[in-house]
Structure formats: structure tokens, C-alpha cells
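Protein chains in written order, with the working numbering: chain A, 35 to 261; chain B, -2 to 458.
Backbone N, C-alpha and C fix where the C-beta goes; we use that ideal spot for every residue, glycine too.
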């Protein structure tokens, strides 16, 4: 199902590449190449998502974002930035964006985040304590219990958080960086396979004794929980 | 108006004001002293003559007046006896002191004329009325006192003019001196601006404000020189370290272009992306190091529990460590240990240390993470049981991107210790490497004094 996405990016090559990819995913993409125009379009019509470059001619991305939030436009915003330091990421997130992606990034990473943000908008009505099911897997957020095929699976607290995040993004690709940011709340790149090891432990617990895999590896992108 | 002139004028003005105060004081005191002495003598003389009249009557008084006139030591002595109409009866005075009011007894000053003189003179007088109605006037004309006063006033005036001139001269000399010292500093800073960073401001060794200014500038220069040196090392090393990933990337790209086998091409392309990512990682880490060294990010400091962070990280790395057959041990302290700092960066530093320990110290079988605090500082340490780093190479390990193991191929890994040190520095703390006998202890020592702590220059750089 296609969505309306506003892409504010001054680098034409990047913009064309992203617009092309997002259009192929079935979204309709409107493009803008500077901050003022981007802000004008964002306030003028309604979008499901805004992808905003941080460094723009005219009005920079953070100012556009602040202006949007000040005008009570709550459209999810994904900030793209070449500013990669931990401090820059935190500043980007604290200025009201919903996600922050450092350039260069793979399209898979961008797509995963776009999908997560679009889904979050859709799922905003879901109560946080609502039971989650993926195939024969049942997750009870209130008691933090997990069952598969009626059998209880013991998870460590972090494994549970990991699984819950996967389940809330059921059927969508979740990247390693997303996991690190969302499950551990760390905004740096650890540089080792630390996330993979955690995911494979979780996978072992979920799939041991069952034929059907639940937690899939998506090559070049990340992981996906799907029945 | 130049500063020199302004300093000279200010000094001159200050000298004038202080001299005026002192001279004024002298004037008042000497003036008072002369008039007081005169007054005493005059009153006493009057009282003596009145006593003579009381005991000996008019004849004795006339004798005493004559004696006073004839035998007086100074010629200013004035004595006169006048009848009630003011006609002179005895003495050396021509008339009663002129007065608008009716004549009264007591001490006063006034103009009077000596019998042998035509000009009236200023005099201090004691006036008595005798029971007969006659006036007894005795006193002293005071040309001496007046002369003294005149001399004094002239001298004081000259003194004031001298003081003003001297003040201006002193001010000029002072301004020259101050100007010279400032010019020295300016000359040195000028040469430094002209890119000679090794110059230092000469100090007089007296610890005066100029020395302190010079010292401050010299310290600033030391720090700048350190940073420049560091930048040079980082640039050199970076240029050097980037060569191998770039050349691997180039090889992979070439391989992808030459092969016709799709599977091999995919493999080569994946390798290109991997190399590009590792290049980005190096660059991000270098960026993080330079930002931390430039003290950027302090505005993101907050209070957090260091022990909770350590527990989280040890849990995070526990599975990775287990895959390398090493255990991460962390004994959580009984009470929370709070610190004011950059949670994300400290997490990154500690995670770098743990990763290093896993990578190079896993032979030892255990990695011990600890958080300790005393009154002044909090120490987060990662200790392994691996081969460690010999003492003489520790500084190099931190400084030169830690490329002790030249066979290492993972990009950016060598920056871990450098980044840890930069992050410690951002917090005003230290990064220490120590011998775990055997193994390496890498510790972040962070001051607890909080956000106002001003870090000093990097040691060992």
C-alpha cells in the first residue's frame, strides 16, 4: 500500500536514488531541494512521512523540523545527515525527529526505518499492553511472558525486549542499527557482531524444537520476524 | 588619545590629588599652630597687665606698660591704655582698634596703628576694661606670622605645581614601562601569529600580573602546540591507516569488474560495501575523537548510574565473549554510583575497551569489568588476562592509534584506546593502562566534582 512521502534533499543524486527506490516500493514521493520549500510543502499538504536532510541550503533541516513541530505538524520525520558523531545523532533526535540516519547508509537501512515509522503511525492506537502474536508465537507484554505453540519460552530481560521490538515490526525488516538504537538505546556503532550474536541466541530459543523458522536473516539488511 | 598618554595623565592626576590632600593637611596644621601660639601669648600678656592693675593700681599699670614697651624683646608688642573716649593715656598705640561694634572685653584680632607709625597693622589683641572705664589693649602685631603664612602658601603652591609635573613624568615612565612589557607580549604573540609556535613570552619571575598574563598565554600556547601536534599525528596516521582499506576496496572493485561469474561478482561487491563501511567507521571514530578533544558534547552531559551502564554493557557483550571462550565478570557494587557525563560516549568508550579485551585478551579466559569510586573519582576498568601491553609501549598504544599488532585487519579497531582517552579527557578525567599481571587493565578515571571541572591539557601527547 503506497504512502505519501516528502523527500527534502538538496543532493540531486541522492534524492533521485532515494525517490526511485521508494517509488519502486509503491510510495508516492514528492521532492524538494531546499529548506524553505520543504517547510512550505510540509505545512501545506499532508504527508505520511517526511525524509529531511539535515544540511540544506536556505533553512537547515533541524530548523525546518523545529518549525514543523512548533506548528503542531506531527508527521513522522526521518532525518538524514552526514553528521555522524554521537552528539550530532542525539541532537538530531532531541530536536523532534522520529529517527536519525547517518549518511552513507544502505537503501535497505532507509527502507527498514521508513517502514517502521509508517507502521508506527498506523499502530498508534494499539495499546502497549495488547497481546502480540506472530504465527504460533504469543507475547504477553504485561507479564512479559512468551509462548510458542503453547509452550513457555524463558527469555532474559534483554532478549524479551528484542523479541517485543521484532514483534511490533512483524513482517518488516529490522536492521542491526535499529536494534542497537531501539533495544539498547546506544547511538554508536560497536563495530563487532554483538547484535548478531544476541539475535542468534534469541533465534535459538524461539526455534529450538520447532520446524518452522520465525526469525529470518535478510541478507544485506538485517532481520525479520515473520510466521 | 594613546593608552600611554592616558596612563600618564591618570598617574599625574592621581599624584596631584594625593599631593593636594597632603599639602592641604600641612597648611591647615601649620596655620592653626601659629595662630594658637600667638593667641596664647597675647591672652597671657593681657592677663599679666590686668593683674598688675588689680594689685598695684594705676601707677603700677603705667609702670608695667612702660616696661613692656621699653623692654620687650620684639617690636611688635603693642600695649595701650585709653580713656573711655578712646584717647591714648599710655603705651605705644595711637588709637583703639577700629571696630564697628562697641568695644568689648576679650580676645580678638583687628587693625591698629602704632604711635610711631602711620600704617595700621594687623594684630592679635586682648582687651580689658578697667573699673575706671579705661581700656587696656595689649597684644601683638604679627608681621612674622603673616610672613610665615605667606611663605608657606607660596611654597605649597610651588609644591603643587611640582607635584603635577612630577606626576606627569612618573606617569610617563610608568606608561613606558607598562607599554614595554605589553609590547614584549605583543611582539611574541605577533611572531606566533606568524606561525612560529615554539616562541614563549619571557617571564620576569616575579609573579606579577604581567608574568601571570605571560604564563597564561604560554600555557595556552603549550595546549595549542599539543593540539597541533596531535592533529598532525592524527592526519599522518589517518592517511596511513586509510591506505590499506582503500587498497583492499580498490582490489575488490577491480575483481568485480574483471570477473564474469555472477557469484564472484556479488562476493566482490559485498566486500566493497564492507570496506566502505569500515572506512566510514574509521572516519566516524576519528571525528568522535577530535570532537571529544575539542570538548564538544559537554552540553549533552547528564547524571546517570555508571554501575547500571557497566551492567548493561557486560550483559551486552557476554554472548560475544562466550563465543570467544572468555567470560565477562562484573560484580555490581552494592549501591548506585552516579556520575555526571556523556552516557553515550562513556558507553562507547567502555564498549571499545571490552571489545579490545575480547579481541586481544581472550586467551586469559576472563575479562573483569569493575566500577569503583572514592571521594574524588570514579573508575571504570576493564581487565583481561591476555598478553597485555609492555609498559614502554603503552603511550604509543594510545597515541599511535594503537597499531601494536600490525597484522590486524579490522578497520578502526586500533582507534579504540585513542577514543577512550579522548572521552576521558572530555570528562576532565584520565585514561590509564596498567599491568594486570598478567594482562591489561584499561581504566577510565573520571572526576566526580561534576560539570564545572575544567580539564587540563592531555598528558602524554
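Looking at the backbone, the Cα of residue 126(B) and that of residue 133(B) are separated by about 6 Å. Collapsing the DSSP output to three states places residue 137(B) in a strand. For residue 207(A), no CB of chain B lies under 8 Å from its own CB, so it is not counted at the interface with that chain. Partner residues in the beta bridge of residue 134(A), as assigned by DSSP, are 113(A).
Judged by DSSP secondary structure, residue 299(B) falls within the beta strand (DSSP E) whose first and last residues are 299 to 302. In chain A, no part has a C-beta under 9 Å from the C-beta of residue 357(B); the shortest such distance is about 13 Å. The region 177 to 195 of chain A makes no contact with the region 84 to 97 of chain A: fewer than 3 CB pairs, one atom from each, lie closer than 8 Å. Any Cβ of chain A closer than 8 Å to the Cβ of residue 418(B) would place that residue at the interface, and such an atom is absent. Across the set 353(B), 135(B), 315(B) and 343(B), the C-alpha of 135(B) shows the shortest separation from the C-alpha of residue 69(B). The alpha carbon of residue 64(B) has as its nearest neighbour, out of 46(B), 54(B) and 51(B), the alpha carbon of 46(B).
In this structure, residue 130(A) lies near residue 100(A), with their beta-carbon atoms less than 8 Å apart. Residue burial is scored here from C-beta neighbours: residue 22(B) has fewer than 16 other C-beta atoms within 10 angstroms and is therefore classed as exposed. For residue 57(A), none of the residues of chain B pass the 8 Å Cβ criterion, the least Cβ distance being about 23 Å. Taking a beta-carbon distance threshold of 8 Å, residue 118(A) counts as an interface residue toward chain B. Pairwise C-beta distances place the region 296 to 304 of chain B in contact with the region 328 to 336 of chain B, as three or more of them are shorter than 8 Å.
For the set 368(B), 348(B) and 439(B), the Cα lying nearest the Cα of residue 392(B) is the one of 439(B).
Per DSSP, reduced to three states, the secondary structure at residue 348(B) is helical. Taking CB atoms only, residue 187(A) has no neighbour in chain B less than 8 Å away. Considering only 75(B), 286(B) and 335(B), the residue with the shortest C-alpha distance to residue 118(A) is 286(B). The residues 413, in chain order, have a CB closer than 6 Å to that of residue 353(B) in the same chain once the five nearest residues on each side in sequence are set aside.
In this structure residue 150(A) touches residue 212(A) by the C-beta definition: roughly 7 Å separates them, less than 8 Å. Contact between the region 95 to 110 of chain A and the region 76 to 85 of chain A is present: three or more C-beta pairs spanning the two stretches fall below 8 Å. Two segments are said to touch when three or more pairs of C-beta atoms, one from each, lie closer than 8 Å; by this definition the region 272 to 292 of chain B touches the region 243 to 253 of chain B. Among the residues of chain A, those whose CB is under 8 Å from the CB of residue 344(B) are 220 and 222, following chain order. Residue 42(B) sits buried, since 16 or more C-beta atoms from the chains shown fall within 10 Å of its C-beta. Within chain B, the residues 317 and 352 have their CB atoms less than 7 Å from the CB of residue 226(A), given in chain order. Shown here, residue 338(B) sits in a strand according to DSSP, grouped into three states.
In the DSSP annotation of this structure, the continuous segment of the beta strand (DSSP E) that includes residue 428(B) starts and ends at 427 to 432.
Looking only at 189(A), 57(A) and 198(A), the smallest Cα-Cα distance to residue 167(A) is reached by 198(A). Against chain B, the beta carbon of residue 235(A) has neighbours under 8 Å at 316, listed in chain order. Nearest C-alpha to residue 379(B) among 385(B), 365(B) and 369(B): 365(B). Interface with chain A (8 Å Cβ-Cβ cutoff): residue 284(B) is included.
Residue 85(B) is bridged by DSSP to 79(B).
Residue 213(B) is outside the set of residues whose beta carbon lies under 8 Å from a beta carbon in chain A. Counting C-beta atoms within 10 angstroms of its own C-beta, residue 334(B) has 16 or more neighbours from the protein chains shown and is therefore classed as buried.
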